Amino acid sequence: MFHVGGARTALFNWLFVRRHGGTFVLRIEDTDNTRNHPEWTDMIYRSFEWLGLDWDDTYPQSRNLDAHRETALKLHADGHTYYCDCTPDALQKRKAAASIKTPGYDSFCSDRDLSAAPGRALRFRVPEQGTLTRADVIRGTTDIDVSTIEDFVILRGDGSPLYLLANAHDDVLDGITHVSRSAEHLSNTEKQILLRRAMGHQEPVWAHVPMIVNEKGKKLSKRHDKVALEDYRDEGYISEAMLNYLATLGWSPPSEYADEQASLDTMTQAFAFEDVTSSSAQFDVKKLASFNGDYIRRMSTEAYLERSFTWLRTTVVDRIAPLLQERAERLPDTFAMVDFLVHADPVMDLDSWQSVMAKDPPASIAMLEAASAAYADADLAWTASALKEATEAAGASLGLKLNKAQAPVRVAVAGRRVGPPLFESLELLGRMRTLARVERALDRLRPA
RNA sequence: GCCCCCAUCGUCUAGUGGCCUAGGACACCACCCUUUCAAGGUGGCGGCACGGGUUCGAAUCCCGUUGGGGGUGCCA
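Numbering (this note's numbering), first residue to last: 44 to 491.
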């Protein structure tokens, strides 16, 4: 999954680097071992490729792990850190007892002079008082009272580095001059400044770009919003339009360009962090769609055809072709069998609706509700086999065998009784679209 | 709670003290074009959160209020 917000930040960074002839390094921040998957990293690369953002170099942050530890130890030798064996629990109790309400760690171990031992984390000793100036090209300058900054951990109890340390180290190593990231990182900046100073380095130029938020004004979340770039790609948005739309979220080309629709080249000539807005932006799919339509219309017919067929193959047909082939008698059957995967909504076959749904609405409703509940479970892996099990179980709870249980789901989702195997189809269709279609069928079934 | 951030049409934005009767884009509405639907054209609806300052003059600067958001992890 590659987050659209990440894509926008990446774009701004790329634009800046390309404009000023810098080097674009794609550093994969993988310091948390528990949340690393090779496929995720691969997805990031493929997303960059799709967007057309190239990189000069790339490496996983874990490559520098030894250097991170060394740096931490050096910091320790210089008296900038101390070891800590507090558990979150103990900390909480202590703070409750003393009714301390300031957030973060209470510096309990600060003067205990603990030595290194397994399970002991290494904390950075933040000065007790003083102010620190945080300068940001997008947000301006703020004086921060350092007493509000907690002594933060830079090495876990198992000796592994945290990203604050790893980033500060690698940024120096890579000669990073500008750090631009999402505004949610704003409050990490002070810590990083402190860390870099302790390491004896100057700070870079900071640029915290506004967050992208949903209709409710909250930051886009994987759970509630459609945030995966690949999903937009699979729905037929083209990368140029996506890139251009993303850029308008917080930035607009200077007035001499007169048009918010601008190519990557044009944006590269014009982009500056100073021009980025400081307030968060709502992601508006309708405007994206409008941009997308404009871009499609501007293509040559040849390019349009090429892109459309490529999309059809790669996102739909390729993934299910053998299953279609088994059932096909003539070539157009291929498309008749996948049309429900292509259309925003399935075309409802009346016969199918009558014979499956309308015959016994309460039973259909019960089954669809059971299926819907099962599919909505975030723990359910969205794979054909897991979906089969879930559907089987949902049917069993109503005393239905799988062949009966699957029928209403199939009609709700595909609009027809016949077609390619259901669970492979659901997997392709995705959780969001499946749930939406089941919901729509339920609306239609329920008495008004 | 504490720290921090933000505040121009429903949404994205232009605006950096007079060019603002606040401009553009998406969405919406109407009309035109049109065998349909789009596209296109024309027009319309609609906004500086509020209250105080500063100034000859404030959307623009300052303060406060209100509202929204982020952080508050041995995640990134």
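Note that the Cβ used here is the ideal one computed from N, Cα and C, for glycine as well.
As the structure is a prediction and not an experimental result, all values here were calculated from the model.
For residue i, the residue or residues it bridges with in DSSP
i	result
Gln-449	Paired residue(s): none; Gln-449 is not in a bridge.
Phe-492	Lying outside 44 to 491, the shown extent of the chain, residue 492 is not represented and no answer is given.
Gln-304	Paired residue(s): none; Gln-304 is not in a bridge.
Ala-178	Thr-184
Leu-69	Thr-101
Ala-250	Ser-223
Leu-267	The sequence given here places His at residue 267; Leu does not occur at that position. Note: His-267 sits in no beta bridge, so no partner.
Lys-262	Val-256
His-46	Ala-271
Beta-carbon gap between residue i and residue j smaller than 9 Å
i	j	result
Gly-521	Asn-335	In the structure as shown, the chain begins at 44 and stops at 491. Residue 521 is therefore absent and cannot be evaluated.
Val-390	Gly-458	yes
Ala-448	Gly-462	no
Pro-451	Ser-407	yes
Met-44	Val-270	yes
Met-380	Ala-455	no
Gly-293	Thr-311	no
Asp-194	Leu-157	no
Glu-246	Ile-192	no
Glu-467	Leu-355	no
Ile-197	Ala-120	no
Arg-483	Asp-388	yes
Phe-326	Val-47	yes
Asp-213	Asn-107	yes
Gly-122	Arg-168	yes
Trp-93	Leu-272	yes
Phe-316	His-386	no
Asp-394	Arg-460	yes
Glu-303	Pro-296	yes
Ala-226	Arg-182	yes
Ala-417	Ala-436	yes
Selected residue, minimal CA-CA separation from residue i, among the options
i	options	result
Ala-133	Asp-149, Asp-121 and Phe-378	Asp-149
Ser-306	Ser-321, Ile-281 and Val-189	Ile-281
Thr-357	Asp-376, Leu-384 and Arg-61	Leu-384
Arg-224	Ala-414, Trp-249, Asp-213 and Ser-142	Trp-249
Ala-178	Leu-108, Gln-235, Leu-478 and Arg-61	Gln-235
Arg-199	Arg-166, Arg-51 and Trp-83	Arg-166
Leu-441	Met-342, Ala-413, Lys-329 and Val-60	Ala-413
Lys-329	Gly-173, Ser-153, Ala-284 and Arg-370	Ala-284
Met-475	Asn-446, Ser-415 and Arg-460	Ser-415
Trp-98	Thr-426, Thr-66, Leu-118 and Lys-117	Thr-66
Ser-322	Met-342, Phe-314 and Ile-255	Ile-255
Ala-313	Thr-291, Leu-331 and Ala-332	Thr-291
Pro-464	Pro-170, Gln-104, Gln-172 and Arg-370	Arg-370
Nearest-angstrom Cα separation, counted from residue j out to residue i
i	j	result
Asp-100	His-228	24 Å
His-244	Leu-207	15 Å
Ser-203	Tyr-88	25 Å
Lys-262	Thr-185	23 Å
Ser-428	Asp-274	22 Å
Tyr-288	Asp-318	16 Å
Ser-90	Leu-286	11 Å
His-251	Ala-324	14 Å
Leu-469	Asn-257	26 Å
Tyr-102	Asp-217	11 Å
Asp-392	Ser-398	10 Å
His-80	Ile-71	11 Å
Thr-174	Arg-155	26 Å
Ser-230	Gly-260	20 Å
Ala-424	Ala-433	10 Å
Glu-349	Val-215	45 Å
Asp-361	Leu-54	30 Å
Lys-265	Ala-421	11 Å
Val-151	Ser-142	This sequence places Phe at residue 151; Val is not what is there. Distance between the alpha carbons of Phe-151 and Ser-142: 15 Å.
Lys-138	Asp-188	21 Å
Arg-373	Leu-411	33 Å
Asp-201	Arg-78	16 Å
Thr-74	Ala-419	31 Å
Arg-239	Ala-479	49 Å
Asn-68	Tyr-126	Strictly speaking, residue 68 in this sequence is Val, with Asn absent from that position. If you take the alpha carbons of Val-68 and Tyr-126, they lie about 33 Å apart.
Ala-110	Ala-241	16 Å
Ala-332	Tyr-338	10 Å
Arg-62	Leu-237	30 Å
Heavy atom of the ligand ZN within 8 Å of residue i beta-carbon
i	result
Leu-205	Although the ligand ZN was asked about, the structure shown includes no ligands whatsoever.
Minimum length 3: unbroken beta strand (DSSP E) runs contained in the stretch 195–244
196–198 and 221–225
Please give me, in chain order, every unbroken run of the beta strand (DSSP E) with length at least 3 that falls completely inside the stretch 82–107.
With a minimum length of 3 residues, the unbroken runs of beta strand (DSSP E) contained wholly in the stretch 82–107 fall at 100–103.
Complete runs of the alpha helix (DSSP H) confined to the stretch 285–372 [at least 4 residues]
For the alpha helix (DSSP H) assignment, the uninterrupted runs of no fewer than 4 residues enclosed by the stretch 285–372 are, from N- to C-terminal side, 307–313, 328–341, 344–355 and 361–370.
What alpha helix (DSSP H) runs, 4 residues minimum, are completely inside the stretch 372–426?
376–385 and 404–419
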